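Residue numbers (the numbering used here), protein chains in the order written: chain A, 315 to 702; chain B, 1403 to 1521. Just so you know, even glycine gets a beta-carbon here, dropped at the ideal spot from N, CA and C. Treat the numbers as computed from the prediction; the structure is a model and nothing was measured. Structure record follows, encoded as C-alpha cells.
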Amino acid sequence: MKRVSVIGIGNTRYGVIKDRSFLDLAVEAGKKAMADAGITTDEVEAFYLGNYAGSDFINQNHLAPYVGAALRLRRDIPCTHIENACASGGSAVREGILAIGSGTAGKVLVIGIEKMNTVPTPKVTEFLAKAGDWEHEVKVGYTFPSAFAMMARRHMHQYGTTREHLAAVTVKNHTNALKNPDAQMQKLVSMEQILNDNRVVADPLRLYDCSLITDGASAVILADKGTARNLSRKPVDIIGFAQANDSFALYQKDDLTRFDATVEAANMAFQMAGVKREDVDVAEVHDCFTIAEIIAIEDLGFVPKGEGGPATLDGLTSLNGKFAVNPSGGLKAKGHPVGATGVGQIVEIVEQLRGEAGDRQVKDAEIGLTHNLGGSGATCVVHILARC
Amino acid sequence: MRCSHLGKVLRMMNIRVLKCSSCGKISSIPAYFCKSCKSEKLEETEVPGKGILYTYSTVHVPLASHEKEAPYTVAIVELEGGCKITGRILETSPDKLYVGVPVEVSEIKDGVYLFKLSN
C-alpha cells in the first residue's frame, strides 16, 4: 500500500457557535485545509465526512454530498459519510488513507464536524446516549457520563485512583487550552477549585471531569507520499494506523478499567509504524472524561496499568513532561464536537510536528499519536504520524 | 405436587440467561455466539437473581427521557456464575453502596432489573 501524508490542515474555532450554520463551519474548515495544502477543490478526488448525529442535531441526513456540493467539489468523485460515534472523525481519516493507499484517489479531503448547541443539555445527553446500547443501557437510564463514572469507580477500586488524579487531567488540559486560540475553554482552574466543586454529573464524576458540548469542524488533506513531497513545504507522514472494536455495551466487557479496542489498535499501529512507545513525543488522546485520559495512556502502553493517575499528577504528561498528552487542551478543554474530534486530533499533531503550535509547541516533536474512541470503547482508531 | 404460587415467586427472583452447551459459560441475553468459545449452541436457562454490585453511578444529569426520575442509580451487577447484567439500584443511601455489596433482583419494571441490597 502507498505511504500516505498529510499536506493540509484546517480548523474552525471550537466553541458555542450559534450564529453559524453546519455548512458555514464545514466549508470554513475545508477551505482552510485546501488553502494550507495549496490545492483547489477540483484537485480533490475523494471526500469523507466524519459526523455523529447530524440527523438529530440539525435534522439533516445525506451529509457528505450536502457538504461536498457546498464546496463545489467535482461531480466525478465519491462523497461518503462515516459514522462511528465519537470516533467518526478518526474513522473518516482512516477511510481517506485507504482510498489513497488503494490507488483510487490521489488527494483526499476529510472533514469532521458536529454542531451540538442546537438543543438543551438533556437532549444533547439523549442524542449522545444513542451511541450506547439502547435496550440494556439507555432504557435503564445510562448516560455517557454514568458509563465512564462506572469505569472510574472500578479504576478507583482496582488501582486506588483518586479524585485528585482525575482533577490533575483537568488542570493540565485547561492549562494547555489557554495556549490554543481555537479552544473553547479559556480558563485556568486549580486543583483546589476542582476538589471543592460539588456539581455532580454522574457520581463519582463531577462537572470538571466532563468534556464540553461543542460546535466546530476540522479538516485535513491527504496525499500519497510522492505527491506530498512535490506539493507540500512540510508534509507529515502517517506511518501507522489501525482501528479495532470491543464489546458494544459496558456490561459485556470483562474488565471495566481497560478498553480492548485501544490496546489492539495501538499494538497494530505501533507494529506498522516500526516505532516504540518511548519514541512518541506528543499524543492527542480521547479525554471525553478525565478517567478516559488516564485509561488511554495506560492502554496505549505509555505507562503501566493502574499508573495513569499518578503519572498525570506527577506531570509526566504535561507540555514539558516526558511525553505531552493533549497539548491542544483535549476534548476536556479544546472541546468535543463529536464528529470533528478525530480529525482535529490529526490537525493538532500535524501542527506540532511542523513546529507551528505556537505557545503550546512540544519541543523537537518528531513523532506524534492520535487516539480516538467511539461510544464506551466499542471503536478505537489510532494514527501515528512522523515529521519528514 | 407443584406449588404454583412458589413457582411464580421463584420465577420473579430468577434471571434468564444463555448457557453454552459446549463449554458451559453463561452469557447474558442477547448473545448469538458463546463469549468464551464462540459456539452457537446456546440454551436458555435461569440463574438466581442474586450477585454483587460490580460498579454503579448515581446520575444527577439525566437523559431528557428520564429527567423526572433523577437522581437515580444505574449499575452493573455480577451474577453468581460470573455473568454481568445492567439495572437500577433502589437503595438511595450512598453510604450503603460499595463495590462488592450483595444485591438481588427486587422487581423487573418495563424490562429493567431493579436491585435491592440483600439482607
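Of the residues B:PRO1464, B:TYR1434 and B:CYS1439, the one placed nearest ALA516 of chain A, counting alpha carbons only: Taking the first sequence and counting its residues from 1, the one referred to as residue 516 of chain A is at position 202. Comparing Cα-Cα distances from ALA516 of chain A to each of B:PRO1464, B:TYR1434 and B:CYS1439, the minimum goes to B:PRO1464.
CB contact below 7 Å: ARG572 of chain A versus chain B: Position 258 of the first sequence, counting from 1, holds the residue named residue 572 of chain A. No, because no Cβ of chain B sits closer than 7 Å to the Cβ of ARG572 of chain A.
Alpha helix (DSSP H) segment containing LEU710 of chain A, residue limits: Given a span of 315 to 702 for chain A in the structure shown, any question on residue 710 of chain A remains unanswerable.
Whole-number beta carbon distance between GLY403 of chain A and THR655 of chain A, since they are thought to touch under 8 Å: Start at 1 with the first residue of the first sequence, and residue 655 of chain A comes out as number 341. Start at 1 with the first residue of the first sequence, and residue 403 of chain A comes out as number 89. Right, their Cβ atoms sit about 5 Å apart.
For ARG520 of chain A: DSSP bridge partner residues: Position 206 of the first sequence, counting from 1, holds the residue named residue 520 of chain A. Its beta-bridge partners are A:VAL514.
Pairwise C-alpha distance: TYR1458 of chain B and PHE616 of chain A: Against the first sequence, residue 616 of chain A aligns to sequence position 302. Against the second sequence, residue 1458 of chain B aligns to sequence position 56. So the two alpha carbons sit approximately 28 Å from each other.
Same chain, Cβ closer than 8 Å to THR435 of chain A, five either side skipped, listed in chain order: As a working note, residue 435 of chain A is residue 121 in the first sequence. ILE527.
Sub-7 Å separation of ALA445 of chain A and ALA399 of chain A beta-carbons: In the first sequence, residue 445 of chain A corresponds to position 131, counting from 1. In the first sequence, residue 399 of chain A corresponds to position 85, counting from 1. Closer than 7 Å, so yes.
Where the region 1458-1474 of chain B meets chain A: residues whose CB sits under 9 Å from a CB there: TYR1458, SER1459, THR1460, VAL1461, HIS1462, VAL1463, PRO1464, LEU1465, ALA1466, SER1467, HIS1468, GLU1469, GLU1471, ALA1472, PRO1473 and TYR1474
For SER369 of chain A and VAL550 of chain A, believed in contact at Cβ under 8 Å, the rounded distance: The residue given as residue 550 of chain A occupies position 236 in the first sequence. The residue given as residue 369 of chain A occupies position 55 in the first sequence. Not confirmed; about 33 Å, so no contact.
The region 594-606 of chain A / the region 667-685 of chain A touching (three or more Cβ pairs under 8 Å): yes
Extent of the continuous beta strand (DSSP E) to which SER561 of chain A belongs: Start at 1 with the first residue of the first sequence, and residue 561 of chain A comes out as number 247. Looking at the DSSP string, SER561 of chain A is not in any beta strand (DSSP E), and its letter there is neither H nor E.
Pick from A:VAL652, A:PRO651 and A:GLU680 that is closest to ILE663 of chain A, judged by C-alpha positions: Translated into the one-based positions of the first sequence, residue 663 of chain A becomes position 349. If we check each option's Cα against that of ILE663 of chain A, A:GLU680 comes out closest.
Contact list for the region 1481-1493 of chain B against chain A, Cβ threshold 8 Å: Under the 8 Å Cβ criterion, the region 1481-1493 of chain B contributes LYS1486, ILE1487, THR1488, GLY1489 and ARG1490.
Listed by chain order, chain B residues near ARG467 of chain A by CB distance under 9 Å: Looking up residue 467 of chain A in the first sequence gives position 153. Within chain B, the residues near ARG467 of chain A are THR1457, TYR1458, SER1459 and VAL1501.
The region 450-462 of chain A: positions lying closer than 9 Å to chain C by Cβ: Looking at the structure shown, chain C is missing, and the protein chains on hand are A and B.
Residue-chain proximity (VAL1476 of chain B, chain A), Cβ-Cβ < 7 Å: By 1-based counting over the second sequence, the position of residue 1476 of chain B is 74. Yes, because at least one Cβ of chain A sits closer than 7 Å to the Cβ of VAL1476 of chain B.
Inter-stretch contact at 8 Å, needing at least 3 Cβ pairs: the region 440-458 of chain A / the region 604-614 of chain A: Counting C-beta pairs with one atom in each stretch, the region 440-458 of chain A and the region 604-614 of chain A have fewer than three that are closer than 8 Å, which means they do not touch.
ARG520 of chain A burial status per 10 Å Cβ neighbour count (16 or more: buried): What you label residue 520 of chain A is simply residue 206 of the first sequence in a count that begins at 1. Buried, because 16 or more other Cβ atoms sit within 10 Å of the Cβ of ARG520 of chain A.
Whole-angstrom distance between VAL438 of chain A and PHE361 of chain A, CA atom to CA atom: Residue mapping note: residue 361 of chain A aligns to position 47 of the first sequence, counting from 1. Residue mapping note: residue 438 of chain A aligns to position 124 of the first sequence, counting from 1. For PHE361 of chain A and VAL438 of chain A, the distance between alpha carbons rounds to 27 Å.
ILE331 of chain A burial status per 10 Å Cβ neighbour count (16 or more: buried): Position 17 of the first sequence holds residue 331 of chain A. Per the 10 Å Cβ criterion, buried.
Proximity below 7 Å, CB of GLU578 of chain A to CB of ALA563 of chain A: Your numbering for residue 578 of chain A matches position 264 in the first sequence. Your numbering for residue 563 of chain A matches position 249 in the first sequence. No; because the gap between Cβ atoms is not below 7 Å, this pair is not in contact.
Closest Cα partner of VAL341 of chain A within the set A:PRO379, A:MET499, A:ALA367 and A:ALA463: In the first sequence, the residue the question calls residue 341 of chain A occupies position 27. Checking every option, the nearest Cα to that of VAL341 of chain A belongs to A:PRO379.
Sheet register partners of GLY708 of chain A (DSSP bridge): Any question about residue 708 of chain A goes unanswered here, given that chain A covers just 315 to 702.
Runs of beta strand (DSSP E) lying entirely within the region 1433-1459 of chain B, each at least 3 residues, in chain order: Runs found: 1444-1450.
Minimum Cβ-Cβ distance from VAL1507 of chain B to chain A less than 7 Å: Counting from one through the second sequence, the residue named residue 1507 of chain B turns up at place 105. Look at VAL1507 of chain B: its C-beta is not under 7 Å from any C-beta on chain A.
Closer than 7 Å at the beta carbon, the chain B residues around LEU564 of chain A: Counted from its first residue, the first sequence places residue 564 of chain A at position 250. Those are ILE1478, listed as they occur along chain B.
Extent of the continuous alpha helix (DSSP H) to which GLY691 of chain A belongs: The sequence position of residue 691 of chain A within the first sequence is 377, counting from 1. Careful: GLY691 of chain A lies outside any alpha helix (DSSP H) and carries neither H nor E.
Any C-beta of chain A under 7 Å from that of GLU1446 of chain B: Within the second sequence, numbered from 1, the residue matching residue 1446 of chain B stands at position 44. Judged by the 7 Å Cβ criterion, GLU1446 of chain B is not in contact with chain A.
Contacts around LEU1408 of chain B, its chain only, beta-carbon distance under 8 Å, and the 5 residues preceding and following it disregarded: Within the second sequence, the letter at position 6 stands for residue 1408 of chain B. For LEU1408 of chain B, the pLDDT reaches just 48, beneath the cut-off of 50, and the residue's location in the model is therefore unreliable, leaving the point undetermined.
Alpha-carbon to alpha-carbon, GLY420 of chain A and LYS1470 of chain B: Against the second sequence, residue 1470 of chain B aligns to sequence position 68. Against the first sequence, residue 420 of chain A aligns to sequence position 106. For LYS1470 of chain B and GLY420 of chain A, the distance between alpha carbons rounds to 54 Å.
Sequence-distant residues of the same chain with beta carbon closer than 6 Å to GLY653 of chain A, five excluded per side: Here residue 653 of chain A is taken as the residue at index 339 of the first sequence, counted from 1. Result list for GLY653 of chain A: GLY364, ASN365, TYR366, SER402, GLY403, GLY426, ILE427 and GLU428, in chain order.
Within chain B, partners of MET464 of chain A - CB distance below 8 Å: The residue given as residue 464 of chain A occupies position 150 in the first sequence. Those are THR1457, TYR1458, SER1459, VAL1476, ALA1477 and ILE1478, listed as they occur along chain B.
Chain-ordered chain B contacts of ALA606 of chain A [CB-CB under 9 Å]: Working through the first sequence from its first residue, we reach residue 606 of chain A at position 292. Listed along chain B is no residue with a C-beta nearer than 9 Å to that of ALA606 of chain A; the closest approach is about 14 Å.
Residues, ordered as in the chain, of the region 1420-1431 of chain B that lie near chain A by beta-carbon distance below 8 Å: SER1430
Proximal residues, the region 646-662 of chain A versus chain B, C-beta separation under 9 Å: none
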